[in-house]
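Numbers given in this note's numbering equal positions in the sequence shown, counted from 1, plus 447. Okay, so here's the structure we're looking at.
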Amino acid sequence: MMDGKTILITGGTGSFGKECIRTLLDSYQPKKIIVYSRDELKQYEMAQDYNSPVMRYFIGDIRDRDRLSLAMRGVDYVIHSAAIKQVPIAEYNPMECIKTNINGSHNVIDAALENNIEKVIALSTDKAAIPISLYGATKLAADKLFVAANNIAGSAKTRFSVVRYGNVVGSRGSVVPFFKKLIRNGATEIPITDPRMTRFWITLKQGVDFVLKSFERMQGGEIFVPKIPSMKLIDLAEAIAPGIPHKAIGIRPGERLHEVLCPPDDSHLTIEFDDHFVIKPTIQFTQPVDFSTNPLHEKGNPVEEGFQYSSELNKDWLSPQQLLEILKE
């Protein structure tokens with residue numbers, strides 16, 4: 448599906464962007480890949496490793512609608528991954544988080560419509576479901592904007608969908624590199640926010656593959672949720688630093704004990720497929736879509752009323768040994 452296409456990735460110098468570009472270059476023959484981000488140093492460093500003739504590096508901020516629109520000229524697909532993602536930083540800098548995650552997302556939508564982009568997928572987070580943090584609230588607002596954008600598009604060809612998944616193994620700012628840094632510095636104990644804490648877990652490759660597959664599955668308006676395992680934070684610490692004592696330090700601002708990907712209040716909108724869920728849009732002004740069957744002819748079934756897909760109620764769990772094997776990969 449990506450062969451011969453021009454793809455723009457906002458926030459393309461991040462962990463997701465790098466893995467996505469690696470996959471696109473290794474497995475497809477895109478016409479052009481555009482990295483859109485605001486950090487020229489990261490773009491310079493990235494260009495040393497990703498120097499294929501199809502690569503383009505475009506300096507710009509998603510807060511700048513005109514620049515976005517210029518960058519999207521001739522683009523077929525957009526992956527919107529740019530965001531302020533650190534929960535405590537968002538709590539301390541609320542308006543900056545709102546300007547980027549909400550206003551910036553609105554700019555992406557406007558620019559995509561203006562340029563008649565074919566398909567747009569925005570990356571979301573488990574923290575957007577029943578949010579308690581500002582970061583989660585801004586991502587929920589962004590999800591709503593992208594879902595509703597299909598109604599704004601009307602008869603135009605542009606379609607918008609969302610991919611929502613959990614914590615990514617080893618991504619920038621995540622707990623794995625933090626734990627590893629502590630060990631390198633000779634830490635005698637590992638800080639654990641709460642020994643009861645659970646999280647959804649996905650690798651970068653799994654996240655990228657799911658997003659690219661969602662381009663094939665999407666009809667517009669869906670929130671795609673992969674079926675992924677859960678893990679206990681205390682098991683992760685044991686896998687990374689076996690034998691080193693743990694110290695409970697308390698939940699950080701904006702954090703919660705467990706995460707939710709499909710909230711119970713959306714159960715009447717949720718369809719279960721073999722390897723993922725789809726949350727249907729709450730309102731469809733355009734021609735009604737049967738989301739129980741997708742363009743790949745995969746069929747899903749409605750979940751039970753009150754169904755909740757949350758990290759502590761998950762049926763699939765990673766053991767410390769499985770976590771260690773994933774980290775080695």
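Where a beta carbon is used, it is the ideal one built from N, C-alpha and C, also for glycine.
Inter-residue CB distance, residue i and residue j (contact presumed, cutoff 8 Å)
i           : j           : result
residue 537 : residue 582 : 4 Å
residue 576 : residue 710 : 5 Å
residue 485 : residue 456 : Not really, about 13 Å apart at Cβ, beyond 8 Å.
residue 477 : residue 453 : 7 Å
residue 480 : residue 503 : 7 Å
residue 714 : residue 657 : In fact, because the Cβ distance is near 22 Å, the residues do not count as touching under 8 Å.
Cutoff 6 Å; reference residue i; Cβ partners in own chain excluding five residues on either side
i           : result
residue 771 : 686
residue 668 : 594, 597, 728
residue 450 : 475, 476
residue 688 : 630, 637
residue 761 : 677
residue 736 : 666
Test item: CB-CB of residue i and residue j under 8 Å
i           : j           : result
residue 606 : residue 665 : yes
residue 522 : residue 570 : no
residue 584 : residue 516 : no
residue 604 : residue 563 : yes
residue 470 : residue 743 : no
residue 531 : residue 547 : yes
residue 463 : residue 655 : yes
residue 748 : residue 718 : yes
residue 561 : residue 524 : no
Neighbourhood of residue i by C-beta distance below 8 Å, restricted to the same chain and skipping five residues each side
i           : result
residue 765 : 648, 676, 677, 678, 682, 773
residue 616 : 623, 648, 649, 650, 651, 773, 774
residue 592 : 549, 552, 553, 556
residue 768 : 686
residue 540 : 531
Residue nearest to residue i in terms of C-alpha spacing, selected from the options
i           : options            : result
residue 639 : 585, 589, 697      : 697
residue 549 : 566, 560, 509, 568 : 509
residue 646 : 713, 609, 662, 572 : 572
residue 701 : 688, 601, 579, 613 : 579
residue 612 : 636, 708, 563, 627 : 708
residue 465 : 495, 632, 546      : 495
residue 588 : 551, 661, 714, 741 : 551
residue 671 : 716, 563, 499      : 716
residue 641 : 584, 472, 694      : 694
residue 661 : 722, 614, 712, 680 : 722
residue 752 : 689, 630, 567, 712 : 712
residue 763 : 674, 680, 734      : 674
residue 732 : 600, 719, 513      : 600
residue 574 : 529, 720, 706, 500 : 706
residue 500 : 511, 468, 528, 635 : 468
residue 590 : 528, 736, 632, 533 : 528
residue 448 : 663, 542, 512, 634 : 663
Spatial neighbours of residue i in its chain, beta-carbon cut-off 7 Å, leaving aside the 5 residues before and after
i           : result
residue 643 : 704
residue 746 : 739, 740
residue 684 : 626, 637, 639, 693
residue 488 : none
residue 545 : 585
Residue-level contact to chain D via CB, residue i, 8 Å cutoff
i           : result
residue 768 : The question asks about chain D, but that chain is absent: this structure has only one protein chain.
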